[in-house]
Amino acid sequence: MSSFAELRRMMVDCQLRTYDVTDRAVLAAADTVPREAFLPGELSHLAYLDRQEPLPGTSRALPAPMVTARMIQVLDLQPGEEALEYGGGSGYGAALMAAMGAKTTLLEPDEAALALARAAFAQPGVPAVELLAKLPEHRQFDAVLVSGACETQPEALFRHVRQDGRLIVVEGVGRAARVMLHRKVGESLSGRPVFDAAAPILREFRKAEVFAL
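First residue of the sequence shown? That's 6 in our numbering, and the numbers climb one at a time after it.
Below, the structure written as structure tokens:
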């Protein structure tokens, strides 16, 4: 059986590079951060498959590696910037951004998922990040990675984007899903589609159900 290091290198070469991930910092982080740490031990053998993995006992899933990596690439993250991952479950996206030199926070309201994140960030080789279940109102970031699909815009997160900062998110589900990059200019955020991708749905950003008689 291949070692996790070998599987990680295969993921970088055969998944990320072939999915237009070319940023050296993103590739180096993906080749360094042990993705197996972000799944429960009995599922660690699934860490490098080209698919999203549900996180047992939580409302979250670990997005496919190529989606996370490409979204971070589009954020154009710079060392020293303050970055936030929202809804990241066990926090793989936050770990990648920390490995790239960002001052990173994981915001995860799902308590069971946050417990998995605490276990993940205690593992060897995983860079340190701040772990929170709730953000203070005044906190703002240069870059925000929303690690899930939203049927409605995540407006509650917009106020946490600093002036000239960016927020990236999958908007829509199924074939209608698009990765949108929002940039804050003045008091508003303007968004543009950057590529098509699927991601686990964040239940807090689902459309309200409407019942018709």
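Heads up, the beta-carbon is just placed ideally off N, CA and C, and yes, glycines get one too. Given the structure is predicted, the values throughout are model-derived calculations rather than measurements.
In the structure shown, residue 23 falls within a helical segment according to DSSP collapsed to helix, strand and coil. Residue 117 and residue 101 have their C-alpha atoms spaced approximately 21 Å apart. Apart from sequence neighbours up to five positions away, no residue of its chain approaches residue 120 with a beta-carbon distance below 7 Å. Pairing residue 114 with residue 204 gives a Cβ-Cβ distance that is not under 8 Å. In the DSSP assignment, residue 77 falls within the unbroken alpha helix (DSSP H) covering 70 to 80. Within the region 115 to 152, complete beta strand (DSSP E) segments of at least 3 residues are found at 135 to 137, given in chain order. Residue 191 sits in coil when the DSSP states are folded into three classes, being neither helix nor strand.
With contacts defined as CB atoms closer than 8 Å, residue 148 and residue 82 qualify as a contacting pair.
Classified as buried, residue 16 has 16 or more neighbouring CB atoms from the shown chains inside 10 Å of its CB. Contact between residue 9 and residue 47 is ruled out by a C-beta separation of about 15 Å, above the 8 Å threshold. With respect to residue 85, residue 125 sits apart: the two C-beta atoms are not nearer than 8 Å. Looking at the DSSP output, residue 108 shares a beta bridge with 87. In the DSSP assignment, residue 31 falls within the alpha helix (DSSP H) that extends over 29 to 37. Across the set 199, 109, 53, the C-alpha of 53 shows the shortest separation from the C-alpha of residue 14. Taking each of 140, 43, 57 in turn and checking the Cα distance to residue 89, the smallest one comes out for 140. For residue 180, the three-state secondary structure derived from DSSP is helix. Under the DSSP definition of a beta bridge, residue 196 partners with 187.
Inter-residue distance for residue 192 and residue 146 is about 15 Å (C-alpha atoms, whole angstroms).
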